[in-house]
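The numbering used here puts the first residue of the sequence shown at 13, with every later residue one more than the last.
Using N, Cα and C, we set each Cβ at its ideal position, and we do this for glycine too.
Okay, structure first, notes after.
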Amino acid sequence: MKTNCIFCKIISGDIPAYKVYEDSYVLAFLDIAPVNPGHVLVVPKIHSSNLDDIDELMLGYLMKVVRLIGRSMKKSLGANGYNVIINNGAVAGQLIDHCHVHLIPRHPKDGLTPWPQAKYKDDEPRKLAAKIKANVIVC
Ligand code: 5GP
Ligand code: ZN
Numbered sequence: 013m014k015t016n017c018i019f020c021k022i023i024s025g026d027i028p029a030y031k032v033y034e035d036s037y038v039l040a041f042l043d044i045a046p047v048n049p050g051h052v053l054v055v056p057k058i059h060s061s062n063l064d065d066i067d068e069l070m071l072g073y074l075m076k077v078v079r080l081i082g083r084s085m086k087k088s089l090g091a092n093g094y095n096v097i098i099n100n101g102a103v104a105g106q107l108i109d110h111c112h113v114h115l116i117p118r119h120p121k122d123g124l125t126p127w128p129q130a131k132y133k134d135d136e137p138r139k140l141a142a143k144i145k146a147n148v149i150v151c
């Protein structure tokens, strides 16, 4: 547990939350400010800041639970689908420094618009792909 971490406090029970799933490793609860009703956050019980420092086995297990919750959203809320989002780093919108996965139930015409997308120019995509490819470190 990390001092002053809101999600660690929810895990320990110091801050209340509407829990939808819990086991020894993972907790899932309603986001306090939902993008859509039923918006859930899934968090590992062991504190890690984000995707970069979460244990690899834990990450796999976390995603297994994400899928279970997503299936429940379709069954229980009648969601047609759901978005799975991880804001990784402050620049990406991560406000809480405890690794978490957003699960947002989706319905037809629910008003949520996709991100704006752009077009590449000239040689840009080849160069970018080469840069990223060169720095993928498999460990
Ligand atoms: P982030 O922007 O870090 O990816 O998302 C953090 C999420 O945590 C936000 O959607 C925010 O509404 C939610 N959140 C922040 N504080 C609390 C809290 O005390 N309880 C719950 N249930 N959710 C919280
Ligand atoms: Zn924490």
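- Item | Helix, strand or coil at P137 [DSSP, three-state] | helix
- Message: Does the structure place the stretch 87 to 107 close enough to the stretch 117 to 134 that three or more beta carbon pairs sit under 8 Å?
- Response: yes
- From K86, V55 and M85, residue whose alpha carbon lies closest to that of G72: V55
- Task: For the ligand ZN, enumerate in chain order all residues having a CB closer than 6 Å to any of its heavy atoms.
- Result: K14, C17, F19, C20, H59 and H110
- Query: Cβ-heavy atom distance between Q129 and the ligand 5GP below 7 Å?
  - Reply: no
- Sequence-distant residues of the same chain with beta carbon closer than 6 Å to K21, five excluded per side: Same-chain partners within the cutoff: I27.
- Would you say N99 touches the ligand 5GP, meaning its beta carbon is less than 7 Å from a heavy atom? yes
- Is the Cβ-Cβ distance between A40 and V32 less than 8 Å? For A40 and V32, yes; Cβs fall inside 8 Å.
- Should A152 be counted as a contact of the ligand 5GP given a C-beta to heavy atom distance under 7 Å? Any question about residue 152 goes unanswered here, given that the chain covers just 13 to 151.
- Could you tell me which residues DSSP puts in a beta bridge with I116? N95.
- V103 versus D64: straight-line alpha-carbon distance, rounded: In this structure, the straight-line span from the alpha carbon of V103 to that of D64 is close to 15 Å.
- Task: Can you grab the Cα-Cα spacing for the pair K143 / Q129, in whole Å?
- Result: 21 Å
- Item | Which listed residue (D109, N147, V113 and I44) has its alpha carbon closest to that of I81 | V113
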